[in-house]
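Visitor: Protein chains in written order, with full-length UniProt numbering: chain A, 1 to 197; chain B, 1 to 197. Backbone N, C-alpha and C fix where the C-beta goes; we use that ideal spot for every residue, glycine too. Here it is: the structure, laid out below.
Number of protein chains: 2
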Amino acid sequence: MGKIIIGKNGSKKEVITRKASSLFRKKGFTATSMRDIAEAIGVEAPSLYNHIESKNEILKDICFRIAKMFTDHLREVELCRKSNLEKIENIIRFHISMMIDEFESVYISDHEWKHLREPFLTDFTNQRRNYRSRLAAILQKGIDNKQINAVNPYVAVLIILSALSGIEGWQKSGKKIDAKLLEENMIKLLIEGLRNK
Amino acid sequence: MGKIIIGKNGSKKEVITRKASSLFRKKGFTATSMRDIAEAIGVEAPSLYNHIESKNEILKDICFRIAKMFTDHLREVELCRKSNLEKIENIIRFHISMMIDEFESVYISDHEWKHLREPFLTDFTNQRRNYRSRLAAILQKGIDNKQINAVNPYVAVLIILSALSGIEGWQKSGKKIDAKLLEENMIKLLIEGLRNK
DNA sequence: TTTCAAAACTAACACTTATTAGTTTTTTTA
DNA sequence: TAAAAAAACTAATAAGTGTTAGTTTTGAAA
């Protein structure tokens with residue numbers, strides 16, 4: 001039938017993962033079959049198994065790669081010398097850039113992680129909880145400083161993260177919103193909501 | 001094997017829809033089989049077809065019932081005599097109460113609508129677009145009034161709606177956040193972000 | 001050009017899917 | 001209590017699932 005053509009960037013496994021990501025986002029993980037992925041690449045389904053372990057491994061790779069990027073960035077922010085509000089702003093900007101550069105993967109890691117298998121499911125949800133806790137800790141310090149408005153930090157984290165993950169909806173929306181405009185509006189709304197006046 | 005036991009509230013179809021909602025939310029629409037639903041009710045899968053048309057009809061009923069509730073409420077708000085910022089606040093409070101009272105259905109209507117079949121898929125996405133446009137129109141009037149901060153109204157709608165839909169994550173989170181506390185924090189953050197100072 | 005491994009293929013397996021047909025049981029109505 | 005209707009059942013269908021086995025093709029190294 002055909003063969004897997006590798007672009008300049010990466011192995012055949014990465015080609016499969018990228019095509020799969022696109023389908024997982026459009027149709028959902030469960031509704032995407034190995035045959036769908038194979039067809040999109042131009043190959044028969046069993047051929048994929050020369051490069052990957054299982055359909056579930058693809059999902060795992062996507063979710064954990066994204067989780068690592070967020071975790072790594074958070075560690076950097078925690079160590080830098082900036083005010084807590086600036087740290088939050090930095091994190092928000094990073095989320096937005098991730099939504100733009102890694103749209104499909106971030107979407108999947110947000111919406112399809114529940115189809116991970118153990119032990120990865122537990123690992124992943126622990127990482128998420130951990131991420132949220134550390135974000136709440138930054139907010140709490142800002143509140144103690146009086147720099148940040150006295151909101152419940154867990155609620156604020158919830159609001160910020162879900163507001164951010166909603167940018168997903170923007171990409172395909174008819175309204176062409178410029179990325180920079182989006183970012184500045186986002187910062188304005190969320191940071192002004194937090195800032196203590 | 002058994003039979004469908006109807007509670008005081010509603011037909012057997014409603015019993016099926018309720019059980020299905022719970023499974024659709026936990027496992028996703030595609031990953032939930034008719035046998036899963038039947039087993040949860042205590043009946044064989046083919047028996048369900050005495051009461052429903054198809055698995056897809058269940059999803060359609062869930063999504064359109066919720067869409068109607070949001071649309072009906074929006075119409076009321078549009079007609080009432082209040083400031084535009086108060087209207088937005090009213091809508092935010094309604095979303096929160098919906099998340100609490102109709103958690104499973106709202107979640108599904110947010111996350112599983114893409115599995116709707118035509119013509120319902122098109123109808124549903126049109127309703128969503130329409131809802132967002134009308135929300136943006138309210139914001140625009142508030143901006144013209146100088147009551148609302150000069151943000152891009154489409155971005156603001158995106159942020160508000162996704163922040164709201166993120167409350168889904170709260171229900172099951174370990175942190176037991178009181179509903180009233182959540183609501184007040186949410187209003188504080190979002191409305192203060194919008195208010196022109 | 002021969003050799004060898006990587007990567008494609010076809011065929012198939014064992015299972016699950018939503019749904020239909022036809023039949024029996026249960027409940028309601030007369 | 002007899003008749004009719006509703007709702008359960010079993011059995012089966014046709015299609016689709018992820019994945020494996022075994023074989024052939026392809027491309028690079030010797």
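In angstroms, rounded to a whole number, what distance separates the CA positions of B:N152 and B:K141?
Guide: The residue given as residue 152 of chain B occupies position 152 in the second sequence. The residue given as residue 141 of chain B occupies position 141 in the second sequence. For B:N152 and B:K141, the distance between alpha carbons rounds to 12 Å.
Visitor: Report the option in A:K19, A:S47, A:F24, A:R195 whose CA atom is closest to the CA atom of A:I108.
Guide: Numbered from its first residue, the first sequence carries residue 108 of chain A at position 108. Per the Cα distances, A:F24.
Visitor: Compare the C-beta of B:G193 with all C-beta atoms of chain A and state if any pair is closer than 8 Å.
Guide: Counted from its first residue, the second sequence places residue 193 of chain B at position 193. Yes, B:G193 counts as interfacial toward chain A.
Visitor: Could you give the first and the last residue of the continuous alpha helix (DSSP H) run that contains B:I167?
Guide: Looking up residue 167 of chain B in the second sequence gives position 167. Careful: B:I167 lies outside any alpha helix (DSSP H) and carries neither H nor E.
Visitor: With a cut-off of 8 Å, do at least 3 Cβ pairs link the region 188–196 of chain A to the region 87–98 of chain A?
Guide: Flag = yes, the region 188–196 of chain A and the region 87–98 of chain A touch.
Visitor: Nearest to A:I96 by alpha carbon, out of A:L164, A:L181, A:S22?
Guide: Residue numbering aside, residue 96 of chain A sits at position 96 when the first sequence is read from its first letter. Closest option to A:I96, Cα to Cα, is A:L164.
Visitor: With distances taken between CB atoms, is the gap from B:R65 to B:S105 smaller than 8 Å?
Guide: In the second sequence, the residue the question calls residue 65 of chain B occupies position 65. In the second sequence, the residue the question calls residue 105 of chain B occupies position 105. Going by C-beta atoms, B:R65 is nearer than 8 Å to B:S105.
Visitor: Going by the CB atoms, is the gap between B:N84 and B:N145 shorter than 8 Å?
Guide: Position 145 of the second sequence, counted from the start, is the residue given in the question as residue 145 of chain B. Position 84 of the second sequence, counted from the start, is the residue given in the question as residue 84 of chain B. For B:N145 and B:N84, yes; Cβs fall inside 8 Å.
Visitor: Put A:R128 into one of helix, strand or coil per three-state DSSP.
Guide: Position 128 of the first sequence, counted from the start, is the residue given in the question as residue 128 of chain A. Residue state, collapsed to three classes: helix.
Visitor: Residues of chain A with CB closer than 8 Å to the CB of B:A156, please, in chain order.
Guide: Counting from one through the second sequence, the residue named residue 156 of chain B turns up at place 156. In chain order: N185, L189.
Visitor: Just the C-alpha distance for A:K8 and A:S22, rounded to the nearest angstrom, thanks.
Guide: Numbered from its first residue, the first sequence carries residue 8 of chain A at position 8. Numbered from its first residue, the first sequence carries residue 22 of chain A at position 22. Its pLDDT being 47, under 50, A:K8 is placed unreliably in this model, and the value from its coordinates should be taken loosely. Approximately 19 Å, taken between the alpha carbons.
Visitor: Should B:C80 go down as buried or exposed, given a rule of 16 or more other Cβ atoms within 10 Å for buried?
Guide: Position 80 of the second sequence, counted from the start, is the residue given in the question as residue 80 of chain B. With fewer than 16 other Cβ atoms within 10 Å, it is exposed.
Visitor: I want to verify the contact list: residues of chain B whose CB lies under 8 Å from the CB of A:V151, in sequence order.
Guide: Residue mapping note: residue 151 of chain A aligns to position 151 of the first sequence, counting from 1. Here the neighbours are N185, K188, L189.
Visitor: Only counting the same chain, and skipping five residues up and downstream in sequence, which positions put a Cβ closer than 8 Å to that of A:M69?
Guide: As a first step, residue 69 of chain A is located in the first sequence; it is residue number 69 there, counting from the start. Only M98, E102 meet the Cβ criterion.
Visitor: Along the region 6–38 of chain B, where does the CB come closer than 7 Å to a CB of chain A? Name the residues.
Guide: Cβ contacts with chain A come from G28, T30, A31.
Visitor: How would you write the range of the alpha helix (DSSP H) that A:A67 sits in, first residue to last?
Guide: Start at 1 with the first residue of the first sequence, and residue 67 of chain A comes out as number 67. Taken as a continuous stretch (DSSP letters only), the alpha helix (DSSP H) holding A:A67 covers 55–79.
Visitor: For the alpha helix (DSSP H) containing A:I148, name the first residue and the last one.
Guide: Locating residue 148 of chain A in the first sequence gives position 148, counting from the first residue. Segment: none, A:I148 is in no alpha helix (DSSP H) and carries neither H nor E.
Visitor: Give me the Cα-Cα distance between A:A137 and B:I92, rounded to the nearest whole angstrom.
Guide: Here residue 137 of chain A is taken as the residue at index 137 of the first sequence, counted from 1. Here residue 92 of chain B is taken as the residue at index 92 of the second sequence, counted from 1. Taking the straight line joining both Cα atoms gives about 27 Å.
Visitor: Indicate whether at least one CB of chain B lies closer than 8 Å to the CB of A:L135.
Guide: Position 135 of the first sequence, counting from 1, holds the residue named residue 135 of chain A. So, not an interface residue.
Visitor: For A:V77, tell me which candidate among A:I37, A:H115, A:A38, A:R134 has the shortest Cα-Cα distance.
Guide: By one-based count along the first sequence, residue 77 of chain A stands at place 77. Out of A:I37, A:H115, A:A38, A:R134, A:R134 has the C-alpha closest to the C-alpha of A:V77.
Visitor: Look at the Cβ atom of B:K60, then the Cβ atom of B:F120, and state whether they are nearer than 8 Å.
Guide: Along the second sequence, one-based indexing puts residue 60 of chain B at 60. Along the second sequence, one-based indexing puts residue 120 of chain B at 120. Yes, Cβ-Cβ distance for B:K60 and B:F120 is below 8 Å.
Visitor: Which residues, in chain order, does the region 106–131 of chain B contribute to contact with chain A at a C-beta distance below 8 Å?
Guide: Within the region 106–131 of chain B, the qualifying residues are H111, K114, H115, R129.
Visitor: At what residues does the alpha helix (DSSP H) containing A:D101 begin and finish?
Guide: Within the first sequence, residue 101 of chain A is the residue found at index 101, counting from 1. Unbroken alpha helix (DSSP H) run through A:D101: 84–101.
Visitor: Please look up how many angstroms separate the CB atoms of B:I16 and B:I62, rounded, as I've assumed it's under 8 Å.
Guide: Taking the first residue of the second sequence as 1, we reach residue 16 of chain B at position 16. Taking the first residue of the second sequence as 1, we reach residue 62 of chain B at position 62. Not a contact, Cβ separation roughly 11 Å.
Visitor: Going by the DSSP bridge assignment, what does A:R18 pair with across the sheet?
Guide: Walking along the first sequence from the start, residue 18 of chain A turns up at place 18. Note: A:R18 sits in no beta bridge, so no partner.
Visitor: If I measure Cβ to Cβ from B:K55 and keep anything under 7 Å in the same chain, skipping five residues before and after, which residues do I get?
Guide: For the purposes of this step, residue 55 of chain B is taken as residue 55 along the second sequence, with counting starting at 1. Contacts found: M34.
Visitor: If you check the beta carbons only, do A:N185 and B:V43 fall under 8 Å apart?
Guide: To locate residue 185 of chain A, count along the first sequence from 1; it is residue 185. To locate residue 43 of chain B, count along the second sequence from 1; it is residue 43. No.
Visitor: Let me check understanding here. Comparing Cα to Cα, which of A:G28, A:A67, A:K180, A:I100 lies closest to A:R129?
Guide: For the purposes of this step, residue 129 of chain A is identified with residue 129 of the first sequence, where counting begins at 1. Selected option, being the one with the closest Cα: A:A67.
Visitor: Determine the chain B residues that contact A:G142 at a beta-carbon separation under 7 Å, and present them in chain order.
Guide: For the purposes of this step, residue 142 of chain A is identified with residue 142 of the first sequence, where counting begins at 1. The premise fails here: A:G142 is roughly 14 Å from chain B at the closest Cβ pair, so nothing lies under 7 Å.
Visitor: Could you have a look at A:R195 and say whether DSSP puts it in helix, strand or coil?
Guide: As a position in the first sequence, residue 195 of chain A is number 195, starting the count at 1. Strand at A:R195.
Visitor: In chain A, which residues lie less than 7 Å from B:T92 when you measure between Cβ atoms?
Guide: For the purposes of this step, residue 92 of chain B is taken as residue 92 along the second sequence, with counting starting at 1. Residue 92 of chain B is actually Ile in this sequence, not Thr. In chain order: nothing, as chain A lies at least about 11 Å away.
Visitor: Tell me which residue opens and which closes the alpha helix (DSSP H) that A:D36 is part of.
Guide: By one-based count along the first sequence, residue 36 of chain A stands at place 36. It spans 34–41 - the alpha helix (DSSP H) in which A:D36 sits, taken as one unbroken run.
Visitor: Compare the C-beta of A:A163 with all C-beta atoms of chain B and state if any pair is closer than 8 Å.
Guide: Looking up residue 163 of chain A in the first sequence gives position 163. By this cut-off, A:A163 is an interface position.
Visitor: Could you tell me which chain A residues have their CB closer than 8 Å to the CB of B:I167, listed as they occur along the chain?
Guide: Locating residue 167 of chain B in the second sequence gives position 167, where the first residue counts as 1. By Cβ distance, chain A contributes L158, S162.
Visitor: Any beta-carbon of chain A closer than 8 Å to the one on B:S181?
Guide: Position 181 of the second sequence holds residue 181 of chain B. Note on residue identity: the sequence assigns Leu, not Ser, to residue 181 of chain B. By this cut-off, B:L181 is an interface position.
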